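Numbering (our numbering), first residue to last: 1 to 615. What follows is a short report on a single structure.
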Ligand code: FES
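Written as structure tokens, this is what we have:
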């Protein structure tokens with residue numbers, strides 16, 4: 001008898017036919033789940049959620065470490081589970097090994113390849129005797145008519161044209177024409193394949209993907225921290241820095257970062273910059289404007305207007321980018337001052353416009369963009385969630401790197417379990433860690449639904465006059481330990497209140513109840529690594545069943561790649577951008593009351609507050 005095992009959020013399926021426990025079956029299927037105790041049921045590292053299907057009953061080992069409530073919600077240890085039918089399971093990020101987590105980078109595949117730039121190999125005759133008055137360009141066009149009937153050249157890039165005579169003669173007339181629509185970008189030696197670069201310019205991280213455009217294959221990828229961080233962690237500070245006359249500096253550091261990362265990728269893959277004929281860049285509206293040298297002053301004050309909401313095509317050389325001198329940068333349109341082309345790219349990657357809905361898509365970051373699709377209508381808004389979910393503003397917050405606590409659980413007996421990146425000694429806590437900690441502390445009744453740490457409860461102490469709960473105690477060597485403080489909880493409440501208020505406002509505008517949502521798509525790095533069960537339990541997300549939540553990784557990056565490889569995707573996205581209804585939350589009449597209600601840490605308390613506030 002074989003059973004089908006569906007594994008989320010990896011989107012993998014495999015057949016289970018043996019007598020093995022589920023952990024062994026997952027390993028055999030190439031899914032690397034943590035297993036510190038080697039399957040003895042004592043470490044809890046292989047924790048999973050059973051979403052649907054029948055499995056063996058919980059073992060005494062699970063009963064020791066998991067509460068009755070956790071077991072009732074389908075939480076189990078994979079090493080203790082024996083499938084007894086088709087199963088759908090969810091593996092939280094804290095149970096996956098680092099290598100597996102990397103594979104989550106983006107699960108949205110680029111399916112369609114019809115790029116804007118393509119090449120055609122030509123054989124161009126080069127006259128050696130007087131008598132033929134045709135120009136080199138005339139002969140290239142003539143050869144092109146033979147090699148690619150139907151291809152019309154109406155424009156030639158000037159820098160590309162300057163190189164044509166030399167390239168023709170150096171290569172004995174055997175060349176490749178590099179074309180973009182009706183523009184001849186220039187020539188290259190025959191057989192040279194055009195490359196393209198997709199860039200997701202985030203305010204924290206920049207992700208680059210180098211593609212072979214003719215085959216639609218990714219050759220290399222790179223990521224680096226946005227060097228603008230040195231001039232301000234948040235967008236408002238950077239806008240202020242730009243207004244003070246430093247806009248060119250902000251543009252320059254990003255361009256230099258992209259040039260350096262591209263050089264590395266070209267060296268790694270054995271290509272030259274001449275092959276890179278196109279780039280697609282997505283980013284929030286401030287990043288978009290700073291990259292193009294557009295004014296940003298108006299973005300910083302109400303009504304937060306972008307300088308343009310049109311798609312743009314700019315020669316890369318005008319921006320100082322070291323690609324083929326004739327290369328073009330395509331920038332999809334921003335939607336509004338605080339909803340950028342990265343949001344549009346995320347919608348494109350998830351093909352939200354084809355989703356039957358009703359569904360939500362969230363890209364959680366310093367600003368969290370939320371889209372709600374109902375029928376044919378897509379409404380979007382931007383929530384000022386702040387940096388707390390990226391570890392910012394927390395007493396011991398840090399980015400998700402080695403030593404960051406990324407998962408916290410407290411079992412029925414009060415035993416604390418931590419997942420630390422790199423299995424290193426805990427040094428701080430990252431966004432997914434603080435979210436897990438909040439959920440665990442509320443479930444263990446150490447923090448109440450209003451966010452108050454309860455004095456007198458085991459594990460709660462005072463540090464410098466403030467109530468704290470130690471996740472990792474101070475060491476005898478004088479190390480400070482890692483604690484969740486009352487202030488940390490308030491910061492997270494503000495972040496989650498802002499996001500949930502945005503969701504609630506969109507739902508109210510659409511006249512839709514939570515129970516009508518068929519899917520919630522979580523995009524972005526934070527959205528990938530959070531435990532959706534924890535997000536639901538502190539009411540960051542509206543109450544839906546776990547199986548309706550899908551984590552898709554870096555959707556903005558996947559959208560940029562998709563637009564690089566497909567002109568059809570560009571057209572679809574531009575058309576969608578024109579009909580997205582933008583909801584400006586800062587002028588939404590009940591926003592502050594919604595925010596106050598949505599700061600509570602359980603759905604019941606949120607509902608009660610809404611009733612009290614007559615929402
Ligand atoms: S591997 Fe340790 S509990 Fe499953």
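Glycine is no exception: its CB is placed at the ideal position from the N, C-alpha and C atoms. Values in this document were obtained by computation on a predicted structure and should not be read as measured data.
- Counting C-beta pairs with one atom in each stretch, the region 556-564 and the region 460-470 have fewer than three that are closer than 8 Å, which means they do not touch.
- Per DSSP, residue 235 is one residue of the alpha helix (DSSP H) stretching across 235-241.
- Residue 79 has no beta-bridge partner at all, per DSSP.
- Between residue 599 and residue 493, the C-beta spacing is below 9 Å.
- Collapsing the DSSP output to three states places residue 269 in a helix.
- Distances from the CA of residue 539 to each of 612, 442, 556, 480 were compared; the closest alpha carbon is that of 442.
- In this structure, residue 69 has its beta carbon at no less than 8 Å from each heavy atom of ligand 1.
- Relative to ligand 1, residue 80 has its C-beta within less than 8 Å of a heavy atom.
- Rounded to the nearest whole angstrom, the C-alpha separation of residue 481 and residue 404 is 12 Å.
- With respect to the 9 Å criterion, residue 177 and residue 191 are not classified as neighbours on the basis of their beta carbons.
- The region 374-391 makes no contact with the region 541-561; the number of CB pairs closer than 8 Å stays below 3.
- Taking all protein chains shown into account, residue 447 has 16 or more neighbouring C-beta atoms within 10 Å of its C-beta and is therefore buried.
- Between residue 63 and the set 53, 75, 52, 55, the nearest pair of CA atoms involves 75.
- In this structure, residue 39 has its CB closer than 8 Å to one or more heavy atoms of ligand 1.
- By a beta-carbon distance limit of 8 Å, residue 407 contacts residue 433. Their separation comes to about 6 Å.
- Using a C-beta cut-off of 8 Å, the region 505-522 makes contact with the region 355-375, since at least three inter-stretch Cβ pairs fall below that distance.
- Listed in chain order, the alpha helix (DSSP H) runs fully inside the region 464-528 are 486-510, counting runs of at least 4 residues.
- Distance from the Cα of residue 344 is smallest, within the candidate group 28, 555, 125, for 555.
- Shown here for residue 36: same chain residues with a beta carbon closer than 6 Å to its own, the five before and five after excluded, namely 43, 45 in chain order.
- For residue 231, no alpha helix (DSSP H) segment is defined, and its DSSP state is neither H nor E.
- Assignment of residue 14 by DSSP, reduced to helix, strand and coil, places it in the strand class.
- Between ligand 1 and residue 559, a heavy atom-to-CB distance of less than 8 Å is absent.
- Below 8 Å, too few C-beta pairs join the region 214-229 and the region 273-286 to call them touching: fewer than three.
- Distances from the alpha-carbon of residue 350 to those of 336, 331, 372, 335 put 372 closest.
- Annotation for residue 496 indicates a beta carbon at 8 Å or more from all heavy atoms of ligand 1.
- Here residue 199 is near residue 258, since their CB atoms are less than 9 Å apart.
- Contact between residue 87 and residue 50 holds: their C-beta atoms lie close to 6 Å from each other, under 8 Å.
- At least one heavy atom of ligand 1 falls within 8 Å of the beta-carbon of residue 36.
- Secondary structure within the region 137-188: the alpha helix (DSSP H) runs of 4 or more consecutive residues, fully enclosed, are 158-170 (chain order).
- About 6 Å separates the Cβ atoms of residue 328 and residue 180, confirming a contact at the 8 Å cut-off.
- DSSP places residue 214 outside both helix and strand once states are collapsed to three, so it counts as coil.
- Buried is the label assigned to residue 499, since at least 16 other Cβ atoms lie within 10 Å of its Cβ.
- In this structure, the straight-line span from the alpha carbon of residue 501 to that of residue 542 is close to 10 Å.
- Measuring C-alpha to C-alpha distances from residue 68 to each of 411, 146, 210, 232 identifies 411 as the nearest.
- With distances taken between CA atoms, residue 454 lies nearest to 484 out of 266, 370, 314, 484.
- Taking the Cβ atoms as the reference, residue 201 lies roughly 5 Å from residue 287, within the contact range of under 8 Å.
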